[in-house]
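Novice: Just so you know, we're using this note's numbering here: the sequence shown kicks off at 828 and counts up by one.
All C-beta atoms, glycine included, are put in the ideal place defined by N, C-alpha and C.
Only a predicted model underlies this, so the values are computations on that prediction, with no experimental measurement involved.
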Amino acid sequence: MARVMATIRVFPSSIDEDLNILVESINEKLPSDARLYTYRREPIAFGIEALILDILVPEETMGEVLDRVEEAIRSIEGVSEVEVILTRRV
828 MARVMATIRV
838 FPSSIDEDLN
848 ILVESINEKL
858 PSDARLYTYR
868 REPIAFGIEA
878 LILDILVPEE
888 TMGEVLDRVE
898 EAIRSIEGVS
908 EVEVILTRRV
(Lines of atoms letter the chains of each structure in order from A and count residues from 1; the text may use other names and numbers.)
(Lines give C-alpha, C1' and ligand atoms only; values in the text may rest on other atoms or scores of the structure.)
Protein backbone atom coordinates (compact mmCIF):
# COMPACT_ATOMS: atom_id res chain seq x y z
CA MET A 1 0.00 0.00 0.00
CA ALA A 2 1.43 3.36 -1.02
CA ARG A 3 1.64 6.17 1.50
CA VAL A 4 1.46 9.93 1.14
CA MET A 5 3.32 12.36 3.36
CA ALA A 6 1.46 15.58 4.02
CA THR A 7 3.37 18.56 5.35
CA ILE A 8 1.08 20.69 7.49
CA ARG A 9 1.78 24.08 9.06
CA VAL A 10 0.04 24.69 12.39
CA PHE A 11 -0.10 28.19 13.87
CA PRO A 12 -0.59 28.47 17.64
CA SER A 13 -3.26 30.81 18.94
CA SER A 14 -0.74 32.78 21.00
CA ILE A 15 2.98 33.22 21.54
CA ASP A 16 2.55 31.66 25.00
CA GLU A 17 1.40 28.26 23.71
CA ASP A 18 3.72 25.40 24.67
CA LEU A 19 4.46 23.81 21.29
CA ASN A 20 5.60 20.54 22.88
CA ILE A 21 2.21 20.10 24.55
CA LEU A 22 0.53 21.09 21.28
CA VAL A 23 2.42 18.34 19.41
CA GLU A 24 1.41 15.77 22.04
CA SER A 25 -2.24 16.83 21.73
CA ILE A 26 -2.09 16.65 17.94
CA ASN A 27 -0.51 13.19 18.03
CA GLU A 28 -3.26 11.93 20.37
CA LYS A 29 -6.08 13.36 18.22
CA LEU A 30 -4.88 12.07 14.83
CA PRO A 31 -7.15 9.52 13.13
CA SER A 32 -5.97 5.91 13.43
CA ASP A 33 -4.97 5.77 9.75
CA ALA A 34 -2.68 8.84 10.04
CA ARG A 35 0.70 8.86 11.74
CA LEU A 36 2.92 11.75 12.83
CA TYR A 37 6.26 11.02 11.17
CA THR A 38 8.23 14.07 12.29
CA TYR A 39 7.81 17.70 13.25
CA ARG A 40 9.86 20.86 13.54
CA ARG A 41 9.44 24.48 14.56
CA GLU A 42 9.44 27.28 12.02
CA PRO A 43 10.15 30.86 13.16
CA ILE A 44 7.52 33.25 11.82
CA ALA A 45 8.13 36.71 13.33
CA PHE A 46 8.57 38.47 16.66
CA GLY A 47 9.25 35.23 18.54
CA ILE A 48 6.24 33.44 17.11
CA GLU A 49 6.85 29.90 15.89
CA ALA A 50 4.66 27.57 13.85
CA LEU A 51 4.77 23.80 13.85
CA ILE A 52 5.59 21.97 10.64
CA LEU A 53 4.21 18.44 10.81
CA ASP A 54 4.96 15.57 8.43
CA ILE A 55 2.05 13.15 8.60
CA LEU A 56 1.79 9.82 6.78
CA VAL A 57 -1.59 8.77 5.37
CA PRO A 58 -2.71 5.99 3.00
CA GLU A 59 -2.72 7.05 -0.65
CA GLU A 60 -6.02 5.32 -1.42
CA THR A 61 -7.98 7.44 1.07
CA MET A 62 -5.73 10.49 1.18
CA GLY A 63 -8.39 13.16 0.64
CA GLU A 64 -10.77 11.79 3.25
CA VAL A 65 -8.03 11.16 5.82
CA LEU A 66 -6.43 14.59 5.35
CA ASP A 67 -9.81 16.24 5.89
CA ARG A 68 -10.16 14.34 9.17
CA VAL A 69 -6.57 15.23 10.14
CA GLU A 70 -7.23 18.94 9.56
CA GLU A 71 -10.49 18.79 11.53
CA ALA A 72 -8.78 16.99 14.41
CA ILE A 73 -5.96 19.53 14.58
CA ARG A 74 -8.35 22.51 14.33
CA SER A 75 -10.38 21.13 17.25
CA ILE A 76 -7.40 21.36 19.62
CA GLU A 77 -7.33 24.27 22.04
CA GLY A 78 -4.34 26.48 21.30
CA VAL A 79 -4.47 26.02 17.50
CA SER A 80 -5.20 29.11 15.44
CA GLU A 81 -4.73 27.97 11.82
CA VAL A 82 -3.96 24.77 9.93
CA GLU A 83 -2.55 24.75 6.40
CA VAL A 84 -1.55 21.79 4.21
CA ILE A 85 1.53 23.09 2.41
CA LEU A 86 2.72 19.98 0.55
CA THR A 87 1.72 16.40 -0.25
CA ARG A 88 3.98 13.82 -1.82
CA ARG A 89 4.06 10.09 -2.38
CA VAL A 90 6.62 8.15 -0.33
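For L846, which of helix, strand or coil comes out of DSSP?
Specialist: L846 falls in the helix class under three-state DSSP.
Novice: Would you say E844 and G905 are within 8 Å of each other, going by their C-beta atoms?
Specialist: The answer is yes: Cβ separation under 8 Å.
Novice: What separation, rounded to the nearest whole angstrom, lies between the Cα atoms of Y866 and V911?
Specialist: 14 Å
Novice: Leaving out the 5 sequence neighbours to the left and right, which residues in its chain are closer than 8 Å to V892 when beta-carbon positions are compared?
Specialist: P858, D860, A861, V884, P885
Novice: Report the rounded CA-to-CA distance for A899 versus I853, giving the unit in angstroms.
Specialist: 8 Å
Novice: Under 6 Å Cβ to Cβ from M889, same chain only, skipping five residues before and after it: list those, please.
Specialist: V831
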